[in-house]
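Have a look at the structure below before the remarks.
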Amino acid sequence: MTPSPGTDAAPAVPVPTATAAPRVRTRAPWHVAVTLAVFACAVFLAGHHWPVIEAGAKRLAGADPGWLLLGATATVATWVCSALAQQGAVTEALPAGRLLAVQFAASAANHVLPAGLGAGAVNLRFLTRRGLSVPRSAAALAVKAAAGAATRGALIALLALADPGLLRRPGLSTVTVAAALLAAVALAMLLPGPLRRASRAVLTDVRAVHRLPGRAAALWGGSLAFSSLHALVVVAVTRALGLALPPDRVALAYLAASSAAVLLPTPGGIGSLDAALALALTLVGATGSAAASAVIGYRLLTVWLPLVPGLVVLGVLVRRKQL
């Protein structure tokens, strides 16, 4: 007898499907490395500059807390204004909460790398993550920087006109000014092709932004408020220390010192801005020790207190792949 076909048949063995295998999520190794490096940098900076932080805190122990609170509030508002100006530099809508967090993180990164490279790198990465091309992102940063420089110059001119004896106009003849303008035009005409194309791209973005009144108002209003609030922080610190200095002179001293500090690209202007601001405050009537205390107070509010939290936010943004 032949056995029936179904008697000796092998039992069916279930074949595992591709969906049955568990998926293991792996995080990009470089994100983990950057996060750890940022946190290590935060700990190192806090430890390295701890004597400065401690000395400044002791000097400010007897300061007026009301004025210090005003300075701290103005410091927080500078990040809002920076986010507003960055939104005004692009036509695309950016997520407000993440943009504000990026500006907070960028301000911390700016104190690690010189000449604004830290803040520029963070903002460039954020804009490219939002879908903008690298040239357009770089152009947006250039537009924001140009608006910041223009508004700072306008504030200096306005305060100098209000107090003509404080700043002296350099004695330049008409021929010297005309020669400088001609040299600038000739230099622009001799730019290499890539630089000319980059300049045209920036001008194109400037025109596109100014076709939208809301974007233009955000760009210029945010830039103007950013510089004004930093000057207000210095005024608040001098008032907290009991220095009887005219607020307009203190604001002009800060704006002139911060503009001069750009010529020496140190991380966050540390060293260059400190020396320039201390000198400027002595020129408007402060003693040397009082000027040093005011600079330390300004640095505590704008750099040392937000530095470690800002680097932590930077690490979180990198970990969540927002940068």
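For the sequence shown, the numbering used here gives the first residue as 1260, with consecutive numbering after it. Even for Gly, the Cβ is constructed at its ideal location relative to N, Cα and C. Please read all numbers here as calculations on a predicted model, not as lab measurements.
Using only the alpha-carbon positions, how far apart do residue i and residue j sit?
i, j, result
"H1469", "A1398", "14 Å"
"V1567", "W1309", "12 Å"
"L1564", "L1522", "26 Å"
"R1388", "G1377", "17 Å"
"V1562", "S1392", "31 Å"
"V1492", "A1499", "10 Å"
"V1572", "F1363", "8 Å"
"A1322", "G1501", "8 Å"
"S1482", "G1547", "31 Å"
"A1320", "A1553", "13 Å"
"R1361", "P1505", "The question names Arg, yet the displayed sequence has Val at residue 1361. Using only the alpha carbons, I get a separation of about 35 Å."
"V1577", "L1570", "10 Å"
"A1413", "A1519", "15 Å"
"R1579", "F1385", "12 Å"
"L1420", "V1494", "19 Å"
"A1348", "T1410", "14 Å"
"A1467", "L1383", "19 Å"
"L1582", "L1327", "33 Å"
"T1350", "A1534", "39 Å"
"V1465", "S1396", "13 Å"
"A1510", "L1542", "13 Å"
"L1400", "P1394", "10 Å"
"F1303", "D1422", "43 Å"
"A1380", "R1474", "22 Å"
"L1560", "A1367", "12 Å"
"A1336", "G1390", "27 Å"
From which residue to which residue does the alpha helix (DSSP H) around residue i run?
i, result
"W1479", "P1472 to A1499"
"K1403", "V1393 to A1421"
"V1335", "P1324 to G1347"
"L1570", "L1564 to R1578"
"R1388", "L1376 to R1388"
"L1532", "S1531 to L1542"
"P1506", "P1506 to A1520"
"Q1362", "A1355 to A1368"
"A1352", "It is not in any alpha helix (DSSP H) - A1352 carries neither H nor E in the DSSP assignment."
"G1556", "G1547 to R1558"
Among the options, whose alpha-carbon lies nearest the alpha-carbon of residue i?
i, options, result
"L1343", "L1376, V1577 and A1476", "A1476"
"A1515", "V1393, S1531 and L1500", "S1531"
"R1318", "V1509, V1562, A1406 and A1550", "A1550"
"H1248", "G1412, R1558 and V1492", "Residue 1248 lies beyond the range of the chain shown here (1260 to 1582); nothing can be said about it."
"A1545", "V1496, L1359 and A1406", "V1496"
"W1338", "D1422, L1359, Q1346 and R1579", "L1359"
"G1407", "R1579, L1560, S1517 and R1395", "S1517"
"G1480", "L1383, L1417, S1341 and W1326", "S1341"
"L1417", "V1381, V1543 and R1508", "R1508"
"P1324", "V1465, G1379 and G1556", "G1556"
"P1472", "A1367, S1396 and Q1346", "Q1346"
"I1415", "A1367, S1366, Y1513 and T1463", "Y1513"
"T1463", "V1402, F1303 and A1380", "V1402"
"A1575", "A1336, A1365 and L1478", "Going by the sequence as given, residue 1575 is Val instead of Ala. When each option's Cα is compared against that of V1575, the closest is A1365."
"A1405", "P1394, L1478 and R1474", "L1478"
For residue i and chain C, any beta-carbon pair shorter than 7 Å?
i, result
"V1494", "The displayed structure is made up of one protein chain only, and chain C is not part of it."
Cβ of residue i within 6 Å of any heavy atom in the ligand ZN?
i, result
"T1410", "Among the components modelled here there is no ligand, and therefore nothing to report on the ligand ZN."
Measuring CB atoms only, is the stretch 1537 to 1546 touching the stretch 1326 to 1339, in the sense that at least three cross pairs come out at less than 8 Å?
As far as the Cβ criterion goes, the stretch 1537 to 1546 does not touch the stretch 1326 to 1339, which means the pair count is below three.
Should the stretch 1479 to 1487 be regarded as contacting the stretch 1351 to 1365, the criterion being three or more beta carbon pairs within less than 8 Å?
Contact between the stretch 1479 to 1487 and the stretch 1351 to 1365 is absent, because fewer than three Cβ pairs lie under 8 Å.
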